[in-house]
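2 protein chains.
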Amino acid sequence: MAHEIKLVTEAELRRTVHLDLEVIDCVEEAFAKLATGKVVMPPVLSMALPEANAEVDVKTAYVPGLEGFALKVSPGFFNNPSLGLPSLNGLMVLLSSTTGLVDAVFLDNGYLTDVRTAAAGAVSARHLARQDVDTIGILGTGVQAKLQLIAAAKVRPAARALIWGRDGDKAGLLAAEMKTTLGIDVAACPEPADLVAQSQLVITTTPARDPVLSADWLHPGLHITAMGSDQEDKNELDPKILAVADAIICDRISQCEKMGELRSALETGLLAGTGNVRELGDVISGASAGRQSDDDITVCDLTGTGVQDTAIATLALGKVRRANAGTTVLA
Amino acid sequence: MAHEIKLVTEAELRRTVHLDLEVIDCVEEAFAKLATGKVVMPPVLSMALPEANAEVDVKTAYVPGLEGFALKVSPGFFNNPSLGLPSLNGLMVLLSSTTGLVDAVFLDNGYLTDVRTAAAGAVSARHLARQDVDTIGILGTGVQAKLQLIAAAKVRPAARALIWGRDGDKAGLLAAEMKTTLGIDVAACPEPADLVAQSQLVITTTPARDPVLSADWLHPGLHITAMGSDQEDKNELDPKILAVADAIICDRISQCEKMGELRSALETGLLAGTGNVRELGDVISGASAGRQSDDDITVCDLTGTGVQDTAIATLALGKVRRANAGTTVLA
Chain A
106 MAHEIKLVTE
116 AELRRTVHLD
126 LEVIDCVEEA
136 FAKLATGKVV
146 MPPVLSMALP
156 EANAEVDVKT
166 AYVPGLEGFA
176 LKVSPGFFNN
186 PSLGLPSLNG
196 LMVLLSSTTG
206 LVDAVFLDNG
216 YLTDVRTAAA
226 GAVSARHLAR
236 QDVDTIGILG
246 TGVQAKLQLI
256 AAAKVRPAAR
266 ALIWGRDGDK
276 AGLLAAEMKT
286 TLGIDVAACP
296 EPADLVAQSQ
306 LVITTTPARD
316 PVLSADWLHP
326 GLHITAMGSD
336 QEDKNELDPK
346 ILAVADAIIC
356 DRISQCEKMG
366 ELRSALETGL
376 LAGTGNVREL
386 GDVISGASAG
396 RQSDDDITVC
406 DLTGTGVQDT
416 AIATLALGKV
426 RRANAGTTVL
436 A
Chain B
106 MAHEIKLVTE
116 AELRRTVHLD
126 LEVIDCVEEA
136 FAKLATGKVV
146 MPPVLSMALP
156 EANAEVDVKT
166 AYVPGLEGFA
176 LKVSPGFFNN
186 PSLGLPSLNG
196 LMVLLSSTTG
206 LVDAVFLDNG
216 YLTDVRTAAA
226 GAVSARHLAR
236 QDVDTIGILG
246 TGVQAKLQLI
256 AAAKVRPAAR
266 ALIWGRDGDK
276 AGLLAAEMKT
286 TLGIDVAACP
296 EPADLVAQSQ
306 LVITTTPARD
316 PVLSADWLHP
326 GLHITAMGSD
336 QEDKNELDPK
346 ILAVADAIIC
356 DRISQCEKMG
366 ELRSALETGL
376 LAGTGNVREL
386 GDVISGASAG
396 RQSDDDITVC
406 DLTGTGVQDT
416 AIATLALGKV
426 RRANAGTTVL
436 A
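Sequences listed follow chains A and B, in order. At position 212 of the first sequence the residue is numbered 317 (my numbering), and the sequence of numbers has no breaks. At position 216 of the second sequence the residue is numbered 321 (my numbering), and the sequence of numbers has no breaks.
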């Protein structure tokens with residue numbers, strides 16, 4: 106029996122879903138629901154394709170109370186840039202929570218993932234960074250460097266931002282763009298140590314396989330969100346940082362143990378176990394403490410979760426319907 | 106950068122892809138490739154949703170040499186019949202093997218799964234049943250009962266088929282329909298023991314949680330394909346059958362150990378281990394023996410694999426393109 110499916114392209118989504126407080130609140134709520142223990146979120150299906158220099162991840166989460174649940178396919182094909190194509194692509198499917206029928210297909214090429222990933226950074230900043238963030242520091246110059254800064258500035262309206270990248274020219278270009286976008290002082294910073302010293306909130310957004318942020322640079326009051334690691338060979342933070350932090354908060358502990366900063370810290374033995382590690386949803390709900398004083402050093406380890414996908418896909422479908430956007434297919 | 110995606114509905118697929126020898130050969134070839142060890146096929150992502158009386162399975166497989174690889178979402182929502190909807194639905198996505206870009210979305214509501222599942226049954230019959238099958242016996246009266254019989258008759262042109270179901274009326278209706286479709290003698294059989302006694306090829310297609318086929322009914326020359334079990338609580342065959350069979354062939358041993366007839370046989374201890382169990386791909390390629398004499402009793406345990414999905418999705422895209430069917434979306 107044919108039913109209606111909403112089909113939405115990347116261009117249509119870019120016109121309809123924006124990285125704003127509504128999206129940030131929606132992702133925050135999803136994390137809070139994750140903390141209730143009623144969400145069903147299986148481990149990531151991860152398929153390495155060495156022959157194609159690629160990997161494919163599939164994420165999903167069923168959130169009771171939401172009309173639908175998303176299933177997201179994220180292919181990373183790392184030879185693509187040589188073909189003039191982005192490495193990361195993919196799509197999201199939204200299925201009805203009551204019938205399993207396909208409600209929507211978002212041919213977003215990873216756009217919704219970009220947005221929900223940045224939104225999680227803002228949720229982390231909102232709950233873990235000091236209230237008085239004067240300077241936001243960004244390590245990295247890619248899409249997430251940009252989006253994480255935009256998202257963080259919405260919850261911590263800083264006077265200034267600093268950007269560091271291995272390629273100083275890229276950092277300069279992004280700084281100039283962000284200065285215009287955000288209307289605040291944004292500058293490239295050639296030394297990551299300087300950037301960290303001047304920032305109260307630092308977000309690492311790199312695909313680093315060796316740490317880009319040293320424990321020697323820590324200072325009281327600093328919050329770090331590390332969102333670059335999402336594979337078992339990635340590592341942005343000196344593992345010592347997790348050993349000395351006053352609070353370590355993960356999006357999902359079981360996932361960060363496998364592919365986040367938590368993995369590196371545990372593997373080196375510098376962090377003895379996960380006994381003191383908490384999840385972001387528990388901090389949001391108040392079940393766990395996050396930052397307890399302005400001098401605390403806090404770390405948030407984000408690997409990206411299926412609840413974020415379900416949250417943004419549900420929000421996106423509502424917005425698309427209200428905007429009468431997308432195409433309705435009978436299938 | 107927008108690229109072309111072929112979008113195909115169930116109705117369009119039903120007009121374009123049929124359960125024929127081309128499909129059977131294509132699935133056979135996929136199993137043969139699986140045997141080469143070069144296929145990347147991660148374990149099924151399986152999500153149980155007790156709150157919705159539902160489960161969702163995700164399967165995928167990357168087959169070197171094929172232009173694309175499929176990712177299939179199979180939701181089973183078992184309250185659907187009370188809403189007048191089928192329990193099983195879903196879609197398949199075909200991604201480019203070289204770029205990961207989405208090449209096609211098949212909004213098939215499970216149609217391609219139905220076809221590739223039946224095709225695997227035919228592959229099993231072709232390689233494991235005696236050449237001279239006079240009677241094909243089917244246990245079950247659902248969609249697969251019908252499709253498995255149609256598929257089996259293409260590789261073992263029997264003079265007769267027998268159908269048993271818990272609901273004798275349904276068995277009678279299906280028998281009448283199949284008699285017309287196949288042009289052979291097809292009858293409902295009220296006693297499964299009688300059905301097995303008269304058949305050289307028996308296919309079990311039920312969602313049984315307790316065996317529907319007793320070891321007492323075995324006879325020399327019988328081949329059984331059990332395709333109903335695809336969850337860890339399903340079981341169609343008396344576990345003794347696997348203990349006494351001359352050959353046990355699985356679509357994928359690692360998967361059948363978890364959710365197939367192999368699981369039940371191992372759990373009861375009647376089968377001591379998988380040392381003598383072989384995979385269908387190895388039988389196709391000749392690396393492993395299947396049936397070695399006309400008197401052998403052989404069993405094939407099918408749980409459904411990602412390579413079948415990749416095979417049929419690839420075939421379907423070619424057929425859709427040649428038929429100029431479906432809709433091309435720029436996304």
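For each residue, glycine too, the CB sits at the ideal point set by N, CA and C.
For a contact meaning CB atoms closer than 9 Å, what does B/Y167 contact in chain A?
Against chain A, the beta carbon of B/Y167 has neighbours under 9 Å at M152, L154, E156, A157, A159, V161, listed in chain order.
For the beta strand (DSSP E) containing B/I354, name the first residue and the last one.
Looking at the DSSP string, the run of the beta strand (DSSP E) that includes B/I354 is 352-355.
DSSP bridge partner residues for A/P180 (one or two, in chain order):
According to DSSP, A/P180 bridges with A/V161.
DSSP state of A/M197 mapped onto helix, strand, coil:
The answer is strand: DSSP assigns A/M197 an E or B state.
When you compare the CB of B/I358 with every CB in chain A, is at least one pair closer than 8 Å?
B/I358 does not count as touching chain A.
Buried or exposed: where does B/R235 fall if 16 or more other Cβ atoms within 10 Å of its Cβ makes it buried?
Within a 10 Å sphere around the beta-carbon of B/R235 sit 16 or more other beta-carbons, which makes this residue buried.
Output the boundary residues of the beta strand (DSSP E) element that contains B/A461.
The displayed coordinates of chain B run from 106 to 436. Any statement about residue 461 of chain B would go beyond what the structure contains.
Going by C-alpha to C-alpha distance, which of B/S398, B/G391, B/S393, B/T330 sits closest to B/L367?
It is B/T330 whose Cα lies nearest to the Cα of B/L367.
Looking at C-beta atoms only, is the number of pairs between the stretch 169-187 of chain A and the stretch 203-216 of chain B that lie closer than 8 Å three or more?
At 8 Å Cβ cutoff, the stretches touch.
Taking A/S334 as the query, report the chain B residues whose CB atoms sit under 8 Å from its CB, ordered along the chain.
Here the premise fails: no neighbours, minimum Cβ distance about 21 Å.
Is any beta-carbon of chain A found at less than 8 Å from that of B/A264?
Interface criterion not met: the Cβ of B/A264 is under 8 Å from no Cβ in chain A.
Secondary structure of A/D208, DSSP reduced to three states
Strand.
Could you tell me which residues DSSP puts in a beta bridge with A/D290?
DSSP output for A/D290 lists A/R265 as bridge partner(s).
Measuring CB to CB, does A/A140 end up less than 8 Å from A/E384?
Contact: yes.
Alpha carbon to alpha carbon, what distance is there between B/T403 and B/E134?
Straight-line Cα distance between these residues: approximately 21 Å.
Around the Cβ of A/D237, are there at least 16 other Cβ atoms within 10 angstroms (buried) or fewer (exposed)?
So A/D237 counts as exposed.
Spatially closest choice to A/S151 from A/G142, A/L407, A/V161, by CA coordinates:
Nearest C-alpha to A/S151 among A/G142, A/L407, A/V161: A/V161.
Out of curiosity, what's the CA-to-CA distance linking A/T433 and A/Y216?
So the two alpha carbons sit approximately 20 Å from each other.
Tell me whether B/T141 sits in a helix, a strand or coil according to DSSP, three-state version.
Assigned with DSSP and collapsed to three states, B/T141 falls in coil, not helix or strand.
Just the Cα atoms here: how many angstroms apart are A/Y167 and A/G245?
Each residue's Cα considered, the two are about 32 Å apart.
What do you get for B/E341, buried or exposed, if any count of 16 or more other CB atoms within 10 angstroms of its CB means buried?
That one is buried.
Rounded to whole angstroms, what is the Cα-Cα separation between B/I129 and B/Q253?
Looking at the backbone, the Cα of B/I129 and that of B/Q253 are separated by about 11 Å.
Would you kindly report the start and end of the unbroken beta strand (DSSP E) that includes A/R383?
For A/R383, the enclosing beta strand (DSSP E) has its first and last residue at 382-384.
Just to confirm before moving on: does the CB-CB distance between B/L358 and B/V382 stay below 8 Å?
Residue 358 of chain B is actually Ile in this sequence, not Leu. Judged by beta-carbon spacing, B/V382 lies within the 8 Å limit of B/I358, meaning their Cβ atoms are closer than that value.
Who are the Cβ neighbours of B/G270 in its own chain at under 7 Å, not counting the five residues just before and after it?
Residues of the same chain with a CB within less than 7 Å of the CB of B/G270, apart from the 5 flanking positions on each side, are G245, T246, A276 in chain order.
Would you identify the three-state DSSP class for B/T218, choosing helix, strand or coil?
Helix, per DSSP.
Does the beta carbon of A/V210 come closer than 8 Å to any beta carbon on chain C?
Included in the structure are the protein chains A and B, with no chain C among them.
Identify whether B/V248 lies in helix, strand or coil by the three-state DSSP scheme.
Helix at B/V248.
Does the count of Cβ pairs from the stretch 118-127 of chain A and the stretch 421-433 of chain A closer than 8 Å reach three?
Contact holds: three or more Cβ-Cβ distances are below 8 Å.
Cα-Cα separation, A/D239 to A/V412
A straight line joining the alpha-carbon of A/D239 with that of A/V412 spans about 31 Å.
Would a check of beta-carbon distances place B/T204 closer than 8 Å to chain A?
Answer yes: the Cβ-Cβ gap between B/T204 and chain A drops below 8 Å somewhere.
Name the two residues that bound the continuous alpha helix (DSSP H) containing B/D299.
For B/D299, the enclosing alpha helix (DSSP H) begins and ends at 297-303.
Between which two residues does the beta strand (DSSP E) harbouring A/V307 extend?
306-309 is the extent of the beta strand (DSSP E) around A/V307.
Pairwise C-alpha distance: A/F211 and A/V198
Just so you know, the alpha carbons of A/V198 and A/F211 end up roughly 6 Å apart.
Which chain A residues sit within Cβ distance under 9 Å of B/E362?
Per Cβ cutoff of 9 Å: no residues; B/E362 is ~19 Å from chain A at best.
Provide the residue(s) that pair with B/L327 in DSSP beta bridges, ordered along the chain.
Assignment of beta-bridge partners to B/L327 by DSSP yields no partner.
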